[in-house]
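*Asks:*
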Amino acid sequence: MDYNQPRKPFISPVMYADDLLIFGKLMSIMFDGIAEVIEGDENRHIYLRSWDFICSPKEFGGLGLRRTRDMNSAMVSKLAWKMWAYFYHFLARLYKNLGGSLDPNHPGFYTQLSKIKTPVIVVTPPSIPTHRGKGLRVNVDAAFKEGSCCVSMMVVSEEKGLLFAASRVSSAMDAKEAELLAIFSACLWLEKAPFMSIVFESDCLGAVEEINSKGAVSSWRNESLIMDIRSFFGFKPGWCINFISRDLNVVAHNLCQWGFCRKWDGPIPLDLLNEDILCNEAKMAIKWSIFMPYIPYFISIIALLLLLEQISYLKKKRFLPGPTLVLPFIGNAIAMVANPTKFWEIQSSFAKSTPLGISANYIIGRYILYIYSSELSHKIFANVHPDAFHLVGHPFGKKLFGEHNLIYMFGQDHKDLRRRIAPNFTPKALQTYTNTQQRIIVKHLESWCQKSENKSIPLRILCRDMNLETSQTVFVGPYLDKTSRDRFTVDYNFFNVGLMKLPIDLPGFAFRNARLAVSRLIETLGGCAAASEKKMKSGEEPICLIDFWMQENLREYSEKPFEYSYNEIGGHLFDFLFAAQDASTSSLLWAVAYLDSHPRVLEKVRKEVAKYWRPENDAVMTGEQLREMKYTEAVAREVVRIRAPATMVPHIAGVDFALTENYIIPKGTIVFPSVFDSSFQGFTEPDRFDPERFMEDRQEDRVYRRNFLAFGAGPHQCVGQRYAINHLMLFIAIFATLVDFKRDRMDGCDEIAYVPTIVPKDDCRVFMKQRCSRFPSL
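Going by my numbering, the first residue of the sequence shown is number 0, and it counts up by one from there.
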């Protein structure tokens, strides 16, 4: 036979008997030694364990695989995928050797084909079948035994390459296996296959009908199907053949649903048919098929774990109010992240529904408790030590802040550190900070008025930027240059965003960005501590918080040396900045919101401030003047009470802790004492904004002191609360004096939003204009 002569489509051999033993050897390698190959059989059989590979030594080739009784459908699919992989391996090599062509009319097509000694799973029918099977010559019959099946494919197109597929399915196969082999034969990775033939033996009508009843063959029916399955078997006994024109993407979709392969979106250009790509894809498909038999066991294990998780949650929850069932692993984390305001309102309502004042929930694999009761909150704050509760500041704070953070310290080390920090908040230090705070506030208010110009502007980001500059300047003064400040601002924003996201510590996720940003921020602040220490050693006067701190460290070190590192101090500085930054921004925004909605309070503030400070004098307010402004201080405290910036202070139970006589908090529970809810307990008309409650004649700050928990309680009570109140008072006094403002009100503008501290939902959008003749030059 002259293989160099042009051939008509459908009439060409692609495998020869001489290649069969080579194929068998390669298959044994492919099956990693589980195959046994016997050469020299007179019928040219290749025996693999539990399988026969049969080829007829005729002028055309045939490849069949027989299922024996000890093989199951999973093993059939595994072998089929490996055959498929090697077919594409062959196709890629053929395409490469022909210089980018798969045209069977190419002069070198069969020459190149005969040179490729690699597994070939492509055979051709002996001739073009005629109508109703007449003239169909099946020379491979002798090669097939009872119970065998054959998968046949052929390259015929001048333009699109592989376009013909044929499957011969035996009645000995069950419906699922027949379905698998039929669809396998059509999985061709190309956009269209104008011809696809499914060849059945006449006695397998029942099996095919069963396939059809299960929807497998019926899923192939569409407008392009020439004959349905019944007319398919309308031919006289013997071999039946049907040609259809259809889109193979439907078949690919079915395979995807089975989990055998992934769907390609769109056609695969022939220039992608290279050996590496095809082999890698084939290997992935083979690997996936290996795991298919184990999927039911995997699903069962997962189901068991989920059941145990629900049982554990219900056992810890006991009689407490809260959701009865929770989503596996993530619990109610999605609801918390999507709408934290609603989530915590529901937890609060659950807690208020029981005399204990506690509710339960489940978030990211952790059991949580929400504490509404002020007395129970005090009990938690008072028991922060290794054998009770650990303050965490954030449910996943240790990953963000590090293990050796101030908020995680206990005992004598914690007391010593607070003692060294105390000089940072003396009247002298606070006066130094006050001068800096006023200059920055005035500068930013002037800028805000210019931005407004008869239009409303949201204040949240503006307040945040002002507070960040204030914190940077007050805490580390001149030790941050402009480049460092800009980088600091970017990193702090990463940190802020990450606080409100799920704790997925992987590249590209907000939580990972936040964690890395904290490391950079601490390193930067540590460098500021080193520079400050050097300056304080030279005897200069302190001008910022780190100067006062390092001055005290040097004094104590000269009396009794102790160990400390700059990065450790940098970490503590970051704690201060975190506490001052977002909490302060929240308070400033709510102050503007309540002053706008309470004009009588605003007028009283303006009158009081005018007694002690006038902008035209170009002088800063002193600490003494600030202490005389009793009503302004009452307004500041009422803002903090009615809208506590950090609504909850998370703790983790280090041991099983008896919170009440009836309930023991399990070890590992994250406990959320609500300082927000505490502010609405005990006080007279707690829902009303009433600064008078903090004045001398009512003294509700003393009467209901145990309910005013905005700054915490116990050994970890906020060390900088005087600084925070001073900052809020300065802003209220200067803002009320220098600016006329009006809220740009809309529905829901005063609702609470978490960012992560609470702010007005509309970001406090206001109209602003200059009230004074000129802004002071401080």
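Beta carbons are placed, not taken as given, at the ideal position from N, Cα and C, and that holds for glycine.
According to DSSP, is residue 359 helix, strand or coil?
*Replies:* Your numbering for residue 359 matches position 360 in the sequence shown. Three-state DSSP puts residue 359 in a strand.
*Asks:* What does DSSP give as the partner residues of residue 769 in its beta bridges?
*Replies:* As a position in the sequence shown, residue 769 is number 770, starting the count at 1. In DSSP, residue 769 forms a bridge with 738.
*Asks:* Rounded to the nearest angstrom, how far is the Cβ of residue 766 from that of residue 348, given a contact under 8 Å?
*Replies:* As a working mapping, residue 766 is identified with position 767 in the sequence shown. As a working mapping, residue 348 is identified with position 349 in the sequence shown. The C-beta distance from residue 766 to residue 348 rounds to 36 Å, too long to fall under 8 Å, and the pair is not in contact.
*Asks:* Hey, residue 524 and residue 573 are a contact pair by Cβ (cut 8 Å); roughly how many whole angstroms apart?
*Replies:* Taking the first residue of the sequence shown as position 1, residue 524 is located at position 525. Taking the first residue of the sequence shown as position 1, residue 573 is located at position 574. Going by Cβ atoms, the distance from residue 524 to residue 573 rounds to 6 Å, so yes, they are a contact pair.
*Asks:* Using alpha carbons as the reference points, say which of 292, 552, 321 and 372 lies closest to residue 415.
*Replies:* Stepping through the sequence shown from its first residue, residue 415 is reached at position 416. The shortest C-alpha separation from residue 415 is found at 552.
*Asks:* Check whether the stretch 747-761 and the stretch 588-607 touch, using three or more Cβ-Cβ pairs below 8 Å as the test.
*Replies:* yes
*Asks:* What does the Cβ neighbour count give for residue 606, buried or exposed, with the cut at 16 atoms within 10 Å?
*Replies:* What you label residue 606 is simply residue 607 of the sequence shown in a count that begins at 1. That one is exposed.
*Asks:* Based on Cα-Cα distance, which residue from 433, 342, 386 and 308 lies nearest to residue 473?
*Replies:* Taking the sequence shown and counting its residues from 1, the one referred to as residue 473 is at position 474. Scanning 433, 342, 386 and 308 for the CA closest to the CA of residue 473 turns up 433.
*Asks:* Decide yes or no for the touch test of the stretch 614-623 against the stretch 703-719: beta carbon pairs closer than 8 Å, at least 3 of them.
*Replies:* no
*Asks:* Identify the continuous beta strand (DSSP E) that holds residue 388 and give its terminal residues.
*Replies:* Counting from 1 along the sequence shown, the entry for residue 388 is found at position 389. First-last of the beta strand (DSSP E) with residue 388: 388-390.
*Asks:* Is there contact here, the stretch 545-560 with the stretch 409-428, by at least three beta-carbon pairs under 8 Å?
*Replies:* Touching, yes.
*Asks:* Comparing alpha-carbon positions, which option in 389, 360, 333 and 356 lies nearest residue 323?
*Replies:* Working through the sequence shown from its first residue, we reach residue 323 at position 324. Of the listed residues, the one whose Cα sits closest to residue 323 is 360.
*Asks:* With distance defined between alpha-carbon atoms, name the residue in 418, 385, 636 and 428 nearest to residue 407.
*Replies:* Position 408 of the sequence shown, counted from the first residue, corresponds to residue 407. Closest by alpha carbon: 385.
*Asks:* Can you list, in chain order, the residues of its chain whose CB lies under 8 Å from that of residue 519, leaving out five sequence neighbours each side?
*Replies:* Here residue 519 refers to the residue found at position 520 of the sequence shown. Within the same chain, residue 519 has close Cβ partners 486 and 490.
*Asks:* Within 10 Å of its beta-carbon, does residue 763 have 16 or more other beta-carbons around it, so buried, or fewer, so exposed?
*Replies:* Start at 1 with the first residue of the sequence shown, and residue 763 comes out as number 764. Classification for residue 763: buried.
*Asks:* Three Cβ pairs or more, each shorter than 8 Å: is that satisfied between the stretch 638-657 and the stretch 678-690?
*Replies:* yes
*Asks:* Taking the beta carbon of residue 293 as the centre, do at least 16 other beta carbons fall within 10 Å, making it buried, or is it exposed?
*Replies:* Residue numbering aside, residue 293 sits at position 294 when the sequence shown is read from its first letter. With fewer than 16 Cβ atoms within 10 Å of its Cβ, residue 293 is classed as exposed.
*Asks:* Considering only residues of the same chain and omitting the five flanking positions on each side of residue 733, which have a CB-CB separation below 6 Å?
*Replies:* To locate residue 733, count along the sequence shown from 1; it is residue 734. Cβ within range, chain order: 440.
*Asks:* Answer yes or no: do residue 363 and residue 370 have a C-beta to C-beta separation smaller than 8 Å?
*Replies:* Counting from one through the sequence shown, the residue named residue 363 turns up at place 364. Counting from one through the sequence shown, the residue named residue 370 turns up at place 371. No; because the gap between Cβ atoms is not below 8 Å, this pair is not in contact.
*Asks:* So what does residue 752 bridge to, in DSSP terms?
*Replies:* By one-based count along the sequence shown, residue 752 stands at place 753. Looking at the DSSP assignment, residue 752 forms a beta bridge with 758.
*Asks:* Do residue 664 and residue 656 have their CB atoms nearer than 8 Å?
*Replies:* By one-based count along the sequence shown, residue 664 stands at place 665. By one-based count along the sequence shown, residue 656 stands at place 657. Yes, the pair counts as a contact, with Cβ atoms nearer than the cut-off.
*Asks:* Rounded to the nearest angstrom, what separates residue 372 and residue 597 at their Cα positions?
*Replies:* Your numbering for residue 372 matches position 373 in the sequence shown. Your numbering for residue 597 matches position 598 in the sequence shown. The alpha-carbon atoms of residue 372 and residue 597 are separated by roughly 30 Å.
*Asks:* From residue 528 to residue 689, what distance separates their C-alpha atoms?
*Replies:* Locating residue 528 in the sequence shown gives position 529, where the first residue counts as 1. Locating residue 689 in the sequence shown gives position 690, where the first residue counts as 1. If you take the alpha carbons of residue 528 and residue 689, they lie about 42 Å apart.
*Asks:* Relative to the alpha-carbon of residue 515, which residue among 492, 383 and 531 has its alpha-carbon at the smallest distance?
*Replies:* As a working mapping, residue 515 is identified with position 516 in the sequence shown. When each option's Cα is compared against that of residue 515, the closest is 492.
*Asks:* Can you tell which of 568, 376, 560 and 580 has the C-alpha that lies nearest to the C-alpha of residue 469?
*Replies:* Taking the sequence shown and counting its residues from 1, the one referred to as residue 469 is at position 470. Per the Cα distances, 580.
*Asks:* Under a Cβ-count criterion, where at least 16 other Cβ atoms within 10 Å of its own Cβ denotes burial, should residue 746 be classed as buried or exposed?
*Replies:* For the purposes of this step, residue 746 is taken as residue 747 along the sequence shown, with counting starting at 1. Counting Cβ neighbours within 10 Å, residue 746 comes out exposed, since fewer than 16 surround it.
*Asks:* Hey, could you find the ends of the beta strand (DSSP E) residue 367 is sitting in?
*Replies:* Position 368 of the sequence shown, counted from the start, is the residue given in the question as residue 367. Element bounds for residue 367: 365-370.
*Asks:* Have a look at residue 735 and residue 575 and give me their C-alpha separation to the nearest angstrom.
*Replies:* The sequence position of residue 735 within the sequence shown is 736, counting from 1. The sequence position of residue 575 within the sequence shown is 576, counting from 1. Distance between the alpha carbons of residue 735 and residue 575 is about 27 Å.
*Asks:* For a quick check, are the C-beta atoms of residue 368 and residue 356 less than 8 Å apart?
*Replies:* The residue labelled residue 368 in the question sits at position 369 within the sequence shown. The residue labelled residue 356 in the question sits at position 357 within the sequence shown. No, they are not a contact pair.
*Asks:* By Cβ distance, which residues of its chain are closer than 7 Å to residue 455, with the 5 residues on each side in sequence left out?
*Replies:* For the purposes of this step, residue 455 is taken as the residue at position 456 of the sequence shown. Correct list, in chain order: 743, 764, 765 and 766.
*Asks:* Quick check: what's the CA-CA separation for residue 694 versus residue 725?
*Replies:* Numbered from its first residue, the sequence shown carries residue 694 at position 695. Numbered from its first residue, the sequence shown carries residue 725 at position 726. So the two alpha carbons sit approximately 17 Å from each other.
*Asks:* Note down, in chain order, each residue of its chain lying with its Cβ closer than 6 Å to the Cβ of residue 761, except the 5 sequence neighbours on either side.
*Replies:* The residue labelled residue 761 in the question sits at position 762 within the sequence shown. Shown here for residue 761: same chain residues with a beta carbon closer than 6 Å to its own, the five before and five after excluded, namely 748 in chain order.
*Asks:* Leaving out five residues on either side along the sequence, give the residues of the same chain with a beta carbon under 6 Å from the beta carbon of residue 650.
*Replies:* Indexing the sequence shown from 1 puts residue 650 at position 651. These residues qualify, in order along the chain: 379, 388, 390 and 670.
*Asks:* Mind checking who residue 673 pairs with in its DSSP beta bridge?
*Replies:* Working through the sequence shown from its first residue, we reach residue 673 at position 674. In the DSSP output, where bridge partners are listed per residue, residue 673 has 647.
*Asks:* Does residue 463 pass the burial test, meaning 16 or more other C-beta atoms within 10 Å, or should it be called exposed?
*Replies:* The residue given as residue 463 occupies position 464 in the sequence shown. Note on residue 463: 16 or more other CB atoms within 10 angstroms of its CB, so buried under the neighbour-count rule.
*Asks:* In angstroms, rounded to a whole number, what distance separates the CA positions of residue 507 and residue 652?
*Replies:* By 1-based counting over the sequence shown, the position of residue 507 is 508. By 1-based counting over the sequence shown, the position of residue 652 is 653. So the two alpha carbons sit approximately 32 Å from each other.
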